[in-house]
Amino acid sequence: MKTINDIKSVFRSLSGYQQEQVLEELLQEHEVQGKVLELATAEVLEERGKKPYPHCGSEKVYKRGKQNNVQMYQCQTETCKKWYSETTGTPLWDIKLKSKWQGYLRCMEKGMTLKATSEELKISIQTSFDWRHKILSSLSKFVPETLSGVVESDEFEIALSNKGQRNLDRKPRTRGTDFKRNNEEEITVVQVVTAVERGGETYMKAVESKRLTTEEITKAFDGKLKDGTLLITDSHKSYKSFVKENPAIKHKTFIAKDHVNKLDKKIHVQTVNNKHKKLKQFLDPFNGVSSKYLQNYLNWFAYAEKLRETKHTIKQWVIGGMLASNPYELFLLFKQNAVNIRI
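Using the working numbering, the first residue of the sequence shown is number 1, and each one after it goes up by one.
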């Protein structure tokens, strides 16, 4: 019987192209067998123990065996007594084709479109759409609670999109730039307010606005900047007003056209600008994202960037979704406004 070292030796003798083929085939076989899903589920069970009932939050629950290898529970609250599973309230809830779930996450990791994913996995576009937003609904858990230290901030402008909506009160656009920017009658852009800790977390918030006001910046930051944080921005007057109203936050600026403070080269937002460049590349393949779903995509981008340096990204996607506390409510809210793309 060959040892692991024997296998490694044979693998090293292959060409780069052959090595890629072997790895891809092994990965697909690994995913079809559901190994990543099993490992992630086992790790979640070990870390969390008994799962509270997602609807009433009760921790007075008992394990009640397994169905299709999924742990079942029963809530013991007198007014409840309901049964539920380990996947209830997670993106894996009510998924019929779990054998394709890991392959789907792999497609998301690659940034594939809904159509390309549906063709790759032989599922309908509607299923591809629903699975994507089940997953994205869980990612709000990973939005950083606070930012501190040196934080760069700037905004990135995206055209407001009503993609997928019907009965619009305007003529449809024939191309992405076919709109009047910031006209008097309506808001036509979304500002993506981005704050990045140098060497740390990334926070993004979508705001429908012609030009950011102090009030909108305050809502976007949502109290996330800790006292003593050094906020670096351009000389936009709304940021100055925001800091004036929050004196515990330090503030340094530069002239936007100069891109850096000429007296102190450390005062810049190049980290944020780099994030915006990557965000644009990330969104380009989707040919426009509906603005009502944009925040989900921003969370997806930030979370994927965070996992980029880990070795087991698919496993972390599954664990993250299963540990999320509120994807069930977020997904139900999403479904109320979702587009039925079968029509």
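Glycine included, every Cβ here is placed at the ideal spot set by N, Cα and C.
| Do you know how far the Cα of T271 is from the Cα of V32? | With a pLDDT of only 47 at V32, under 50, the local geometry of the prediction cannot be trusted, and no value is derived from it.
| Just to confirm, are L231 and K250 a CB contact at a threshold of 8 Å? | Against a cut-off of 8 Å, the Cβ pair of K250 and L231 comes out as a contact.
| Got a sec, what are the start and stop residues for the beta strand (DSSP E) Y62 sits in? | Counting along the chain, the beta strand (DSSP E) containing Y62 begins and ends at 61-67.
| field | Bounding residues of the beta strand (DSSP E) (the contiguous stretch that carries H251) | value | 250-254
| query | Quick one, which of D234, K60, G111 has its alpha-carbon nearest D154's? | reply | When the alpha-carbon of D154 is set against those of D234, K60, G111, the nearest one is in D234.
| query | Measuring CA to CA, which of I125, L225, M204, R198 is closest to S140? | reply | Among I125, L225, M204, R198, the Cα nearest to that of S140 belongs to M204.
| message | Measuring straight from C-alpha to C-alpha, what distance separates T214 and P144? | response | 22 Å
| task | Identify, in the order they occur along the chain, each residue of the same chain with its Cβ nearer than 8 Å to the Cβ of F286, setting aside the five sequence neighbours on each side. | result | T113, Y297
| Using the rule of at least 16 other Cβ atoms within 10 Å of the residue's Cβ for burial, across every protein chain shown, is E20 buried or exposed? | exposed
| Helix, strand or coil for I135 per DSSP? | Helix, per DSSP.
| said: Can you list, in chain order, the residues of its chain with a C-beta nearer than 6 Å to that of I187? Leave out the 5 residues immediately preceding and following it. | reply: Same-chain partners within the cutoff: E208, K210.
| Excluding sequence positions up to five away, which residues of its chain have a Cβ less than 7 Å from the Cβ of W131? | Y104
| message | Taking its Cβ as the centre, do 16 or more other Cβ atoms sit within 10 Å of V150, making it buried, or is it exposed? | response | buried
| Which two residues bound the contiguous alpha helix (DSSP H) that contains I217? | 214-221
| field | Identified DSSP bridge partners for E206 | value | The sequence given here has Ala at residue 206, not Glu. DSSP output for A206 lists V192 as bridge partner(s).
| Euclidean distance between Cα positions of T194 and E152 | 8 Å
| query | Which stretch, first to last residue, makes up the beta strand (DSSP E) that contains M108? | reply | M108 -> not in any beta strand (DSSP E); alpha helix (DSSP H) instead, spanning 101-109.
| query | Buried or exposed: F11, going by 16 or more other Cβ atoms within 10 Å of its Cβ? | reply | exposed
| request: May I ask whether a heavy atom of the ligand ZN can be found less than 7 Å away from the beta carbon of E305? | output: The ligand content of the structure shown is nil, which means the ligand ZN is not present either.
| Residue closest to V192, alpha-carbon to alpha-carbon, out of V22, I267, K292 | K292
| query | What is the C-beta distance between F129 and Y303, in whole angstroms, given that I count them as a contact (C-beta under 8 Å)? | reply | No, F129 and Y303 are not in contact; Cβ-Cβ is about 19 Å, not under 8 Å.
| message | Rounded to the nearest angstrom, what separates E59 and C80 at their Cα positions? | response | 12 Å
| On the three-state DSSP scale, how would you describe L294? | helix
| query | Relative to the C-alpha of K266, which residue among K252, K2, G111 is closest? | reply | K252
| task | Look at T127 and K224 and say whether their C-beta atoms are less than 8 Å apart. | result | no
| task | State the Cα-Cα distance for the pair L23 and G16, rounded to the nearest angstrom. | result | Between L23 and G16, the C-alpha separation is close to 11 Å.
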